[in-house]
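Chains as they are written, first to last, in the UniProt record's numbering: chain A, 1 to 350; chain B, 1 to 350. Glycine included, C-beta positions come from ideal geometry on N, C-alpha and C. Let me begin by presenting the structure, written as structure tokens, before commenting on it.
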DNA sequence: TGCGGAATTTGTAACGATACATATGGAGGT
DNA sequence: ACCTCCATATGTATCGTTACAAATTCCGCA
């Protein structure tokens, strides 16, 4: 049996309504329903849209017929005609997918979009090309009606571009741009502040923090929360140089191990991500230090991973599922038109 | 400033070519180029397709003009006319994304698709609805030209459906269906076989394995490899009942802890996934047992997680990135038409 | 009887691209 | 000079949908 069956692209689409109507093998269109009901194509279209200008009885008749033949509007045609795609695009950097970052956020988003005509589509993006490329491409080719993304920068190109073109979006993270725009953020200031306070309260005297790359807005937030806490307490501190939350785990581990071996080692660590927290744990373990006794660690947790990691460490939870829900519902409002920007900004807190 | 700007759906799309041609603000179409070059729309279309029936010189002139105005074909129109979408859909269960399962597979796929006209789009699917729903939807609405998916079952509904409709696909995992179809699989038989042999070689006398849910094909493969090894060695064994690789980590941990507390506890564990391996580790730790001395563990590793986990455990690597690459390139061949099925089947081994 | 106008329905044109059939123009043969 | 034929370019119809303008029916009322 040959694998080939699509010799010139257009095939009659023999799929049809899963069970009913064994008659016409072609995919039903408005025309099908028009012939079936004896109405004009236009009338059918408007009846399906529940246009009140069409008699109520006609609308019902048409809708019944549509259901009967298993009609589904052709999205390509709708899109060509209206410019709408009914798609929402989540641009995700695989850095984020690791350890389920993406998973729970996606879960929240699809939950919100269920019941709307919108579909979530994930556009993967790898850091070897500019962040803005996939966004440009989506807008340019109108691949979606709205965009969601994260890893926001203070002067984010994507935000600027999307605001200029008036394209609906919600991002995870804030910018420092003058014009307000929709966003959902996590209170990373509060996270590092609380984390530092916890460590100090349990006796740490020299704190070490690993921050996200400087280009991201939440680098500043995390740094600021951390600095505020250590200043308030007048305690020693270090900010990791040369490694970030995005560094490879091995690099983080080696860096931390090297630092712990030198004089005046830190005794309290703050990790804004699960990968780096695992790396800190392996470094301390390899040096024969004991977590909870020689060294303490507070990590941000977005998955259930640390519930299984031993020894247990202290974590602060970031609910990405909630963030996803919120981002999606804000985007829906934004796409619907009205809604002042002030209602489309949220900082979720610890 | 109002958020609203899309009062009736169709906006002039002020995006335009990022820099060049400040003249026409409208998105360039074939018509634009036709006017620019004084040729007919049809000619332009064919010239851009490098049709040899068009004079070489004309083709070059048209292509230059297209580049100059930053022309990109409208995918909605192309799709309506040709029935092609230039999209490949990866249907992913978020179960798989955890710990980077999805990430590396996606990386492999996008790497392969780079340079082709195809885009990878991820359709998330949650297990609370039938596996086949997203697939049906994609085929029905022609949301993609080809489908990739995993978690294949022996008598997989999706495979049956896609074969019936002749829709191109490649799945990760095999079926037991009579008609051959394209797939990429990992040699899970070999994995459990080798894992068991390793454990026995290091002195284990009672092996315990956690298998995937029974409905998946690789449940059988894993069980078979495991059974073969324990039979060959005539060693004691147990197959976890009531928990699977998909169970929540807490459930796995409690189950394992409970078992270890009873008589004749197993001294060697095989985990086909990272989550369950972490759970086994936490269970043994909580009971005061030491991995590598009281109990041994071999896990399948698909991310770099276990490089940071202490104590170190033995792992066997599954290269999902390679699987993704292979799946994508097989799908391309399948969509191109020819290529016998026998060349579109692969089992990647340890 | 006929007319304004509400309530419905219909026709036509477009969105942007491509398949197919047809037209144009000039070189070459008789 | 006429016709053929090849190389090249053009016209027309179409994919399925929706916006807009126009047409039809039917009613009450002067």
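Taking DSSP as the reference, what is the three-state secondary structure of residue i?
i             : result
residue 32/A  : helix
residue 304/B : coil
residue 71/B  : coil
residue 345/A : strand
residue 147/A : strand
residue 231/A : helix
residue 295/A : strand
residue 135/A : helix
residue 106/A : helix
residue 336/A : helix
residue 152/B : coil
residue 123/B : strand
residue 314/B : strand
residue 113/A : helix
residue 90/A  : strand
residue 371/A : The requested residue 371/A does not occur in the structure, where chain A is confined to residues 1 to 350.
residue 161/A : helix
residue 62/B  : helix
residue 330/A : helix
residue 320/B : helix
Label residue i either buried or exposed according to how many other C-beta atoms from any shown protein chain fall within 10 Å of its C-beta, with 16 as the threshold for buried.
i             : result
residue 388/A : As shown, chain A starts at 1 and ends at 350. That puts residue 388/A outside it, with no answer to give.
residue 436/B : Residue 436/B falls outside the range modelled here, since chain B spans only 1 to 350, and no answer is possible.
residue 293/B : exposed
residue 43/A  : buried
residue 214/B : exposed
residue 75/A  : buried
residue 318/A : buried
residue 60/A  : exposed
residue 53/A  : exposed
residue 26/A  : exposed
residue 337/A : exposed
residue 232/B : exposed
residue 334/A : buried
residue 107/B : buried
residue 290/A : exposed
residue 323/A : buried
Cβ closer than 7 angstroms: which chain B residues qualify as neighbours of residue i?
i             : result
residue 250/A : 307
residue 141/A : 72, 75
residue 79/A  : 76
Kindly list, in the order they appear in chain B, the residues whose Cβ is closer than 8 angstroms to that of residue i.
i             : result
residue 278/A : 305, 308, 309
If you measure between the beta carbons of residue i and residue j, is that distance less than 8 angstroms?
i             : j             : result
residue 109/B : residue 120/B : yes
residue 235/A : residue 259/A : no
residue 330/A : residue 87/A  : no
residue 85/A  : residue 133/A : no
residue 240/B : residue 208/B : yes
residue 184/B : residue 327/B : yes
residue 221/B : residue 189/B : yes
residue 202/A : residue 175/A : no
residue 48/B  : residue 66/B  : yes
residue 297/B : residue 273/B : no
residue 72/A  : residue 140/B : yes
residue 80/B  : residue 80/A  : yes
residue 281/A : residue 131/B : no
residue 193/A : residue 173/A : no
residue 229/B : residue 257/B : no
residue 313/A : residue 195/A : no
Just to check, is the beta-carbon of residue i closer than 7 angstroms to a non-hydrogen atom of the ligand PLP?
i             : result
residue 209/B : Looking at this structure, you won't find the ligand PLP or any other ligand, since it has none at all.
Output, in chain order, the set of chain A residues within a Cβ distance shorter than 8 angstroms of residue i.
i             : result
residue 126/B : 107, 110
residue 121/B : 121, 122, 123
Along chain A, in chain order, which residues have C-beta atoms closer than 9 angstroms to that of residue i?
i             : result
residue 285/B : 310, 311
If the cut is a Cβ gap below 9 angstroms, which residues of chain B does residue i touch?
i             : result
residue 262/A : Neighbours of residue 262/A on chain B: none; closest Cβ ~21 angstroms, over 9 angstroms.
residue 281/A : 308, 309, 310
Cβ closer than 7 angstroms: which chain A residues qualify as neighbours of residue i?
i             : result
residue 253/B : 308
Which runs of the alpha helix (DSSP H) spanning at least 4 residues fall entirely within the stretch 169 to 217 of chain B, listed in chain order?
-> Fully enclosed alpha helix (DSSP H) runs of 4 or longer: 188 to 201.
Quick one: which unbroken alpha helix (DSSP H) runs of 4-plus residues sit fully inside the stretch 226 to 278 of chain B? Chain order, please.
-> 249 to 261
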